[in-house]
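Enquirer: Protein chains in written order, with my numbering: chain Y, 82 to 353; chain P, 30 to 301. Here it is, the structure in full.
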Amino acid sequence: MARTSIQTEVVSTASDAAIEMRSLHKSFGELEVLKGIDFHVGKGEVVCVIGPSGSGKSTLLRCINLLETPTSGKVWVSGQDVTDPDVDIDAVRRRIGMVFQQFNLFPHLSVLENLTIAQRRVLRRGKAEAERVAHANLERVGLADKATSYPAQLSGGQAQRAAIARSLSMGPELMLFDEPTSALDPELVGDVLEVMRSLVADGMTMMVVTHEMAFAREVADRVVFMDDGIVVEEGRPEAVLGAPQHPRTRDFLARVLNPGHRPSLPQADPTL
Amino acid sequence: MTATTAAGRRGMTRRQRTRLIRGVQYAVFVGVALLIVLKADWPRLSHDYFNLTIARQLFPDILSTALKNTAAYTAMGFVFGLGLGLVLALMRLSVVAPYRWVANVYIEFFRGIPLLLWLFFLGYGVPTATGAQLPGQPYSPIVLGLGMPAAAYMAETIRAGIQAVPKGQAEAARSLGMSHGRAMVSIVIPQAFRIIVPPLTNEVILLTKDSSLVAILGVTAGTKELTKFGRDSLNQLVSPTPLVIAGLCYLIITVPLSLVVRRLEAHNNRAR
Chain Y
82 MARTSIQTEV VSTASDAAIE MRSLHKSFGE LEVLKGIDFH VGKGEVVCVI
132 GPSGSGKSTL LRCINLLETP TSGKVWVSGQ DVTDPDVDID AVRRRIGMVF
182 QQFNLFPHLS VLENLTIAQR RVLRRGKAEA ERVAHANLER VGLADKATSY
232 PAQLSGGQAQ RAAIARSLSM GPELMLFDEP TSALDPELVG DVLEVMRSLV
282 ADGMTMMVVT HEMAFAREVA DRVVFMDDGI VVEEGRPEAV LGAPQHPRTR
332 DFLARVLNPG HRPSLPQADP TL
Chain P
30 MTATTAAGRR GMTRRQRTRL IRGVQYAVFV GVALLIVLKA DWPRLSHDYF
80 NLTIARQLFP DILSTALKNT AAYTAMGFVF GLGLGLVLAL MRLSVVAPYR
130 WVANVYIEFF RGIPLLLWLF FLGYGVPTAT GAQLPGQPYS PIVLGLGMPA
180 AAYMAETIRA GIQAVPKGQA EAARSLGMSH GRAMVSIVIP QAFRIIVPPL
230 TNEVILLTKD SSLVAILGVT AGTKELTKFG RDSLNQLVSP TPLVIAGLCY
280 LIITVPLSLV VRRLEAHNNR AR
């Protein structure tokens, strides 16, 4: 009880957000990748982060579960300061699901074992319970028949859905997605987005780094545009994607939505 | 002919030239083989080197004692070397600098000194200084003599294997809340060992051959391995045949292992 009351105090100083960041900086040697990010994600909110490659989107995401250690600044997850050196980072990560661009399924384990190993080793669940949870989550992502397969036998879309099910099996409070569809063949993207849509419908708190603008517009409560290590613009998806205020956002969207188009150059007349 | 290619100028097509070159290669092979078969003194050779009467006297001891001891010394050296090699590999990858230094010095030392010198040191150097044999005779000098240098080579192989496991694997494991140690044991090391089974099998082949150097450690009748057995039989029976048979006995161990390595490597190449 005493611990709960202390945590409540922390929450009151850091707001009730699922994720809260204050003046977050991250450098790799001389290269400053994040140049002071202030940012929050509310409970149950779906936030999509867009921006050119090298803008710091993935690093931002990886600072939340401390796959990267911030150079300075603070990050709170559900009110707990995860940048405090005394925090049990393994305990924090248990509550945060992470989905990677390259899936990162464990190739030496079957799909079922991929979903049960952390439940058993980290959460200390029994074999029967872990497998029950795993089967339920495989069902949820449409892979009920793949439990005994190995990752090498799955298509990219199936592998990514298995990876999502693996994260879900830990019962996370929030999910981080790092370009979850960027490594997929175009025809397999839809299945993964469908699973992500169902998570949104269930009220999962999600932060998604993505290049899928249509998906962001459809499901996001908020879209964040990052460039060169700062948040340039954020707001409702129809505002950021439909009527961007900042020239860098407009330039980026023009290039992404219309790859052949180069607004800075005079256009050749196609009739000539 | 107005052909302007090189082959055309010589009045031959490319196919004809290829046939001619291949024909010459076969002709040389057949010629040399015929020369050997016709000119060699076969009765003399077989009497000296493949003398069945002498060979029969070697059995069953050459199998039940010598081959068995060679296999046992190799296995002991390998198990000791593998255990110590794993520890050294983890030390080389440690964040604690002194561990890395110790592992580096050990590895460079044993990779740099001749095995024969090390065996002399254990078998004769230490007893000369202390006035007593190492405890655990006769196996301790054999296990340490073969195992400690083998550990240095295996440490490098294991380290390379651990580093060959994609970084995303450890990241995925940590994201699920596993500790560093748990991620190593359950996720990284099992995959590393899969990668290094072929080079480790090669290490067994090398160790099998190196076990012949144990012959210098004044072994008794019951602890003779193949080389010592062949050497002593050479004196007793006054014929090189025992050495030839001992050599064939080594091949009983090394050739199947070599075939296993080839199959595993082919399998790994397919899997990638």
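Even for Gly, the Cβ is constructed at its ideal location relative to N, Cα and C. All values reported here derive from a predicted model rather than from experimental measurement.
Tell me whether the region 278-298 of chain Y and the region 250-258 of chain Y touch, counting them as touching only if at least three CB pairs, one residue from each stretch, are closer than 8 Å.
Expert: Yes, since at least three Cβ pairs between the region 278-298 of chain Y and the region 250-258 of chain Y fall closer than 8 Å, the two stretches touch.
Enquirer: Using beta-carbon positions only, say whether residue 260(Y) and residue 326(Y) come within less than 8 Å of one another.
Expert: Not a contact, by the Cβ cut-off of 8 Å.
Enquirer: Chain Y partners of residue 218(P), CB-CB under 7 Å?
Expert: Chain Y residues near residue 218(P): none, gap ~10 Å exceeds 7 Å.
Enquirer: Identify the continuous beta strand (DSSP E) that holds residue 311(Y) and give its terminal residues.
Expert: Start and end: 311-316.
Enquirer: Once you ignore the five residues that flank residue 330(Y) on each side, which residues in its own chain have a CB closer than 7 Å to its CB?
Expert: Hits under 7 Å: 306, 313, 314 and 321.
Enquirer: If we define contact as Cβ-Cβ less than 8 Å, is residue 211(Y) a contact residue for chain P?
Expert: So no, residue 211(Y) is outside the interface.
Enquirer: Is residue 70(P) helix, strand or coil when you go by DSSP?
Expert: In this structure, residue 70(P) counts as coil in the three-state DSSP scheme.
Enquirer: Counting along the chain, where does the beta strand (DSSP E) carrying residue 106(Y) start and finish?
Expert: Taken as a continuous stretch (DSSP letters only), the beta strand (DSSP E) holding residue 106(Y) covers 100-109.
Enquirer: Secondary structure at residue 161(Y), three-state DSSP: helix, strand or coil?
Expert: It is a strand residue.
Enquirer: Going by CA-CA distance only, name the one from 191(P), 282(P) and 272(P) that's closest to residue 114(P).
Expert: That would be 191(P), whose Cα lies nearest to the Cα of residue 114(P).
Enquirer: For the region 300-326 of chain Y, which residues have a beta carbon sitting closer than 7 Å to at least one beta carbon of chain P?
Expert: Answer set for the region 300-326 of chain Y: empty.
Enquirer: Reducing DSSP to helix, strand and coil, say where residue 119(P) ends up.
Expert: In the structure shown, residue 119(P) sits in a helix (DSSP, three-state: H, G or I).
Enquirer: Can the beta-carbon of residue 144(P) be found less than 8 Å from the beta-carbon of residue 178(P)?
Expert: Yes, Cβ-Cβ distance for residue 144(P) and residue 178(P) is below 8 Å.
Enquirer: Out of 253(P), 156(P) and 172(P), which one is the CA nearest neighbour of residue 97(P)?
Expert: Measuring from the Cα of residue 97(P), the nearest candidate turns out to be 253(P).
Enquirer: Which residues of chain Y have a Cβ atom closer than 8 Å to the Cβ of residue 207(P), listed in chain order?
Expert: Residues of chain Y passing the Cβ test: 171, 199, 202 and 203.
Enquirer: Residue 181(Y) versus chain P: which residues are under 9 Å apart at the beta carbon?
Expert: 197, 200, 201 and 204, listed in chain order.
Enquirer: Which residue or residues does DSSP assign as beta-bridge partners of residue 286(Y)?
Expert: Answer by DSSP bridge pairing, in chain order: 255(Y).
Enquirer: Could you name the residues of chain Y that residue 215(P) contacts, counting a contact when the two beta carbons are closer than 8 Å?
Expert: Chain Y residues near residue 215(P): 198 and 202.
Enquirer: Quick check on residue 55(P): buried or exposed, where buried means 16 or more other Cβ atoms within 10 Å of its Cβ?
Expert: Answer is exposed; the Cβ neighbour count stays below 16.
Enquirer: Using C-beta distances below 7 Å, list every residue in its chain close to residue 285(P), excluding the 5 sequence neighbours before and after it, in chain order.
Expert: No residues qualify anywhere along the chain.
Enquirer: Within 8 Å of any Cβ in chain P, is that where the Cβ of residue 285(Y) sits?
Expert: Closer than 8 Å: no.
Enquirer: Give me the Cα-Cα distance between residue 77(P) and residue 262(P), rounded to the nearest whole angstrom.
Expert: In a straight line, the C-alpha of residue 77(P) is about 14 Å away from that of residue 262(P).
Enquirer: Should residue 46(P) be flagged as near chain Y, meaning a C-beta pair shorter than 8 Å?
Expert: It does not; no Cβ of chain Y falls within 8 Å.
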